[in-house]
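J.: Here the sequence shown stands for residues 1 to 1045, numbered as in full-length UniProt numbering.
Let me begin by handing over the structure; questions about it come next.
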Amino acid sequence: MHSSRLAQPLLIREIFLYIQDPTRLPTYAAYLCAIALCIAAMMQAMTHQQIIFQSTRIGIRIRNALSSTIYKHLLTINTVALHKTTAAQAINLVGNDTSKFEDLCSFAHSLLLGPLDVVLMFGLIWWNIGLPTLFGYAVLILLLPIQLIQSKLFSRFRKATMTYTDKRVQTINEIVNGCQIIKMYNWEKAMEERVRETRRHELFHIYKSSLLRALNIGLGFAGLTLISLATFGGSWLMDRHLQPENVFSTVTFFFLVRNSLIILLPFDIEKFSEARVSANRIDQFMQLEILVNKQEKVQDKKNDHAIIMEGASFSWKDSLCLSDLNINIKYGTLVGIKGTTGAGKSSLLAAILSEINLVSGKLQLYVDSISYAPQSTWIFADTIRANILLGKPMNEKRYNNIIKACCLDIDLQNFGEVGDLLMIGDKGVNLSGGQKARISLARALYTDADLYLLDDPRAAVNPKVAKKIFDECIGPRSFLCGKTRILVTHQTHFLIEADEMILLTNGRIDELHFEQSVANESSNDTTETDSSNDNETSWTLNTATTDINSIVKSETSGDGSIKWNVWLKLFTPPPLRWFDFFLIIFVMLAAEGLYDFTNHWLARLSSKSHEQQQSSSDAFVYIAATFGTLIVTLIRTSFIFYIMLRGSTHFHNRMLKGILYTSLRFFESNPSGRILNRASKNQQILDESLPLALIDAMENLLMTLGSIIIIGITNPWMLLILIPLVPTVLWLRRFYIRSSRQLKRLESVTWSPIYVLFSSSLDGLTNIRIRQLAEAENFLTSAERVHEYDQLVPESHQNSDKGDVLMQPTTDWPSRGIIEFKNYTFRYRPELDLVLKNINIRIESKEKIGVIDRTGAGKSSLLQALFRLVDQSAINGTIFIDDIDISRLSLDYLRSHLSVIPQVPILFCSTLRYNIDPFEQFSDVECFRALEAVQHKQLVCNRPDGLNLLVTESGNNLSVGQRQLVCVARAILKKSHILLIDEATANVDHTTDQMIQEVIGDKFGDRTILTIAHRLNTVANSNRLLILEQGEIVYFDVPNNIDLT
1 MHSSRLAQPL LIREIFLYIQ DPTRLPTYAA YLCAIALCIA AMMQAMTHQQ IIFQSTRIGI
61 RIRNALSSTI YKHLLTINTV ALHKTTAAQA INLVGNDTSK FEDLCSFAHS LLLGPLDVVL
121 MFGLIWWNIG LPTLFGYAVL ILLLPIQLIQ SKLFSRFRKA TMTYTDKRVQ TINEIVNGCQ
181 IIKMYNWEKA MEERVRETRR HELFHIYKSS LLRALNIGLG FAGLTLISLA TFGGSWLMDR
241 HLQPENVFST VTFFFLVRNS LIILLPFDIE KFSEARVSAN RIDQFMQLEI LVNKQEKVQD
301 KKNDHAIIME GASFSWKDSL CLSDLNINIK YGTLVGIKGT TGAGKSSLLA AILSEINLVS
361 GKLQLYVDSI SYAPQSTWIF ADTIRANILL GKPMNEKRYN NIIKACCLDI DLQNFGEVGD
421 LLMIGDKGVN LSGGQKARIS LARALYTDAD LYLLDDPRAA VNPKVAKKIF DECIGPRSFL
481 CGKTRILVTH QTHFLIEADE MILLTNGRID ELHFEQSVAN ESSNDTTETD SSNDNETSWT
541 LNTATTDINS IVKSETSGDG SIKWNVWLKL FTPPPLRWFD FFLIIFVMLA AEGLYDFTNH
601 WLARLSSKSH EQQQSSSDAF VYIAATFGTL IVTLIRTSFI FYIMLRGSTH FHNRMLKGIL
661 YTSLRFFESN PSGRILNRAS KNQQILDESL PLALIDAMEN LLMTLGSIII IGITNPWMLL
721 ILIPLVPTVL WLRRFYIRSS RQLKRLESVT WSPIYVLFSS SLDGLTNIRI RQLAEAENFL
781 TSAERVHEYD QLVPESHQNS DKGDVLMQPT TDWPSRGIIE FKNYTFRYRP ELDLVLKNIN
841 IRIESKEKIG VIDRTGAGKS SLLQALFRLV DQSAINGTIF IDDIDISRLS LDYLRSHLSV
901 IPQVPILFCS TLRYNIDPFE QFSDVECFRA LEAVQHKQLV CNRPDGLNLL VTESGNNLSV
961 GQRQLVCVAR AILKKSHILL IDEATANVDH TTDQMIQEVI GDKFGDRTIL TIAHRLNTVA
1021 NSNRLLILEQ GEIVYFDVPN NIDLT
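Take a look at the structure:
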């Protein structure tokens, strides 16, 4: 490659000499020089591209190796260290940071070959023009410190940018995971502002990085004219005559030096700076503490104990959560663990799993294998069978027994022929809470382990199913009979059959209760078991909400060329729109015009006699044109970066609105990783890679056009060569773009499963550990993919299919809280079966309604109907609240006037105050009172940051029960006249359940309340009970008139 590069200026010099003096060379030799020049140019291009190709392959291998290493390390991070990272950070590491090494490798060869170029070219230029060479190289040397300073600044800006990118993607991840809660609380605007605020900080640092890039590109473009000015200006001052052959060969030499030292070297320094920042980020991630088994695994078959703890204390981060535990658990026993919310029950299981730190004492395990069913179920996007097997080989007999024991057999029958091969959506979106809990339990049971840790696996199912699961899966005559079982539960009546019970209080074993018989512990729950003795199939499963068809649609990669409206939207962002577009064209043409004029003026000077070249006016024109080229080029590149970033931000904001305001159906059919792919990698390409590629493409295009125009002016006959050449080049471009563009689309699509894998693995990390398992147009495919989410149909399009004008009720609506369903029929999507059938009920003001169901769906569907979370085209009938048809209200208005305590207590990574009052509508005193009402005031008062207590991702630094109490505090603050409660006490103990009921009675006594529950005692005090079976009303009467059996 070097020989072909070096040969070109020398051949140009010989051709010029021949043109000036035809007798100097034979004619055939001149033609040979011309042919050799063409061959040298082609050889340089081919060898250069081969080097880039091989370097890129190496970069891809490095990226893949890093991605694999990051994922393997992710699986070993302990639970405490896991709070120091987020799903968004892991996704950005594997999606964005690893790609920086691929980018660096693609042009890393120039770091080695560049200095060699500079040295060789110096000798050849000195041989060509002598002493003036030093003037040109002086400019090159002066540019080096600028590039080094830029490298340091760029690293700083890049690090700050990635910090805010992590935060932005993390927030979008929370939006995707908590989409239903956000819609119910009407928090779309708060979440949108939160993302936009982070985006503003991210953009601020991207702008600063872009200014450095603009300076590099500007110097690269105008650098040749600066070097030429210094070199030939030096010759002019030394009173030397500029010969055309020397001028053009020297310019060609400097053109090659410029590529190595002013264009590629700054580019490599930039890529090296990016890679260094990414390496530091990856290194910080790899430094996170891994899981260390501090417990002793003892191989002693004579010992009849499975677990022994002696004075064992454990900690999350720096604070103790379990203190001085002394526990002896024998082989084959069933041990029940109970305690109030936040007492340390789940922490005890985490301690046995080595997920938290053993601070002091001893923990000995006499088991070889452990299986675990967590309280927060983990479901990933795959079939039911794959979720249960989790990579283990199929044992049909054991599998079928577990399916039956976990009460999943009826579900599979209802799914029809597809059975357990039903495709589940991300996080089990097309399953009920009870179904997810039973699949999670089945996964734990399928592992033939010595020890089973079961963290309240029956909380999400109704009493009848809970009794059957206990009898057939956990109890003394169950599937796990003879295995060691540790069961955490709030349903303490089941502990009657336990061999031993542990009561935890504030992380300690309550010695007074430890020796007590557990026979007296069931008094609170006898009402739930009284009706659980017969007809075990009368209370069955919630299956009608499940889409029997595959709900997760395959991601399409697009086809054909990029649509022109994508280009135009990118180049015409508001508010200036077309003015920006035409301004870009103007500055591009101005810079190219000045560049060509400078070269033309230099050629004109070289053709003059020695006396004419000494004219100061010609020299001043050349100087002015050179510095004008530099200034206009800097303005051009800075302005293009500014416009492109405005365009990418416009795309980002439109995508954000599309995600926030579209229907739940979109989230059900698209895994979170697929959405995060566009918000992370595709957006990063829009912000950084696309502007660079477009500027490079525009420069090359305009330089080519400029050269053609100059050639046409000089010798119009040369344009005849372009007649066959242009179509050939366009055909080659079309051939390349057609394949490379589609390849880029496919690459973008294949990143989505990787993001899904990382996101799902983080959610189910403990479960996995237990089981040990043309470049511009190409980049524009990212704009195309981001633009697709701009086109998502918003929920506001579903305000009414009746053509009614939206209403604006009085400010105190709903003042009475009267709810009426009239001939209401509802299905989740038009192609699915009915979920609610011909519902006709009227709920009076301040009435308390308990909602339970038997077979089929219906309970949670009522809430979705009231919040209008589904496609209105799949609904018949009307819902009135205070005599107003809710389909004629805007979604924003309707949801802002309803309160909900959801089944899944989702918190967001922010302060505690943000999680209960994101719009800051209430004072600190009101927030304190709401937390005090749910006995959470101590959580705030004991910490110096108070209400600004940081909640980690998904609220993982709080127990599930504590998160649920925060959701109750939200409802207290909102003060709506209608409160909807969806299984709010399923994950709390009976004491907390009773406390919540008292809070609801005290704070919401004058409001209308709909309570969905599995526990019958939770709704026993309701004014009326509503029982649904297969979506139809079976009973709607006072509790005394309903036979609960």
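Just so it is clear, CB atoms sit at the ideal spot from N, CA and C, and this is done for glycine as well.
#1: Just how far apart, CA to CA, sit LEU66 and TYR137?
#2: Evaluate contact between the segment 888-899 and the segment 185-192, counting only Cβ atoms and requiring at least three cross-stretch pairs below 8 Å.
#3: Can ARG199 and HIS600 be called in contact, C-beta distance under 8 Å?
#4: Is PHE867 helix, strand or coil when you go by DSSP?
#5: Ends of the beta strand (DSSP E) at LEU503?
#6: Since HIS977 contacts GLY817 with CB under 8 Å, what's their CB separation in whole angstroms?
#7: Mark ILE439 as exposed unless 16 or more other C-beta atoms lie within 10 angstroms of its C-beta, in which case mark it buried.
#8: Any heavy atom of the ligand ZN closer than 7 Å to the beta-carbon of LEU431?
#9: From SER360 to ALA312, what does the alpha carbon distance come to, in whole angstroms?
#10: For MET644, which residues does DSSP report across the bridge?
#11: Quick check on CYS481: does DSSP put it in helix, strand or coil?
#12: What span of residues does the beta strand (DSSP E) with CYS321 cover, start to end?
#13: Enumerate in chain order the residues of its own chain whose CB-to-CB distance from ARG665 is below 7 Å, with the five nearest sequence positions on each side excluded.
#14: Out of curiosity, what's the CA-to-CA distance linking PHE571 and GLY658?
#15: Under a three-way DSSP split, which group does LEU576 fall into?
#16: If you scan the segment 652-700 from start to end, which runs of the beta strand (DSSP E) of 3 or more residues do you find wholly inside it?
#17: Leaving out five residues on either side along the sequence, give the residues of the same chain with a beta carbon under 6 Å from the beta carbon of VAL277.
#18: In terms of residue numbering, what span does the alpha helix (DSSP H) encompassing GLN44 cover?
#19: Since SER371 sits in a beta bridge, which residues does DSSP pair it with?
#20: Helix, strand or coil for residue 1046? Go by DSSP, reduced to three states.
#21: Keeping to the same chain, check which residues put their C-beta closer than 7 Å to that of SER815; ignore five residues upstream and five downstream.
#22: Pop quiz: VAL951 and THR1011 are said to be a contact at Cβ under 8 Å. What is the actual Cβ separation, rounded to whole angstroms?
#23: If we require 4 or more residues per run, which alpha helix (DSSP H) segments fall completely within the segment 236-288?
#24: Would DSSP call GLY344 helix, strand or coil?
#25: Rounded to the nearest angstrom, how far is the Cβ of PRO457 from that of ALA437, given a contact under 8 Å?
#26: Beta-carbon within less than 8 Å of THR1018's beta-carbon, same chain only, minus the 5 sequence neighbours each way: which residues are those?
#27: Just to confirm my understanding: we take PRO476, look at its own chain, exclude 5 residues before and 5 after, and list those with CB closer than 6 Å. What are they?
#28: CB-CB under 7 Å to LYS250, same chain, minus the five flanking residues each way: which ones, in chain order?
#29: Can you list, in chain order, the residues of its chain with a C-beta nearer than 8 Å to that of ASN280? Leave out the 5 residues immediately preceding and following it.
#30: Pull up the distance between the alpha-carbon of VAL247 and that of GLY234, whole angstroms please.
#31: Does SER800 come out as helix, strand or coil in the three-state DSSP assignment?
#32: Excluding the five sequence neighbours on either side, which residues of its own chain have a C-beta within less than 8 Å of the C-beta of ASP471, listed in chain order?
#33: Which of helix, strand or coil does DSSP assign to TYR137?
#34: If you draw a straight line from the alpha carbon of PHE908 to that of ILE685, how long is it in whole angstroms?
#35: In angstroms, rounded to a whole number, what distance separates the CA positions of ARG24 and VAL729?
#36: Just to confirm, is the Cβ distance from SER890 to LEU792 under 8 Å?
T.: Taking the coordinates as given:
#1: 40 Å
#2: yes
#3: no
#4: helix
#5: 500-505
#6: 4 Å
#7: buried
#8: This structure lacks the ligand ZN; in fact it carries no ligand of any kind.
#9: 6 Å
#10: Paired residue(s): none; MET644 is not in a bridge.
#11: coil
#12: 319-330
#13: ARG829, ASP871
#14: 20 Å
#15: coil
#16: none
#17: SER155, ARG158, LYS159
#18: 27-74
#19: TYR452
#20: With the chain covering 1 to 1045 only, the question about residue 1046 has no answer from this structure.
#21: ASP882, HIS977
#22: Not a contact, Cβ separation roughly 26 Å.
#23: 244-258, 265-286
#24: coil
#25: 6 Å
#26: GLY850, THR985, ASP993, GLN997, THR1011
#27: GLU497
#28: The question names Lys, yet the displayed sequence has Thr at residue 250. Contacts found: ILE125, ASN128, ILE129, THR231.
#29: LYS159
#30: 13 Å
#31: Confidence at SER800 is low in this model, with a pLDDT of 43, below 50, so its placement is unreliable and the value that follows should be read with caution. Residue state, collapsed to three classes: coil.
#32: ARG477, SER478
#33: helix
#34: 27 Å
#35: 36 Å
#36: no
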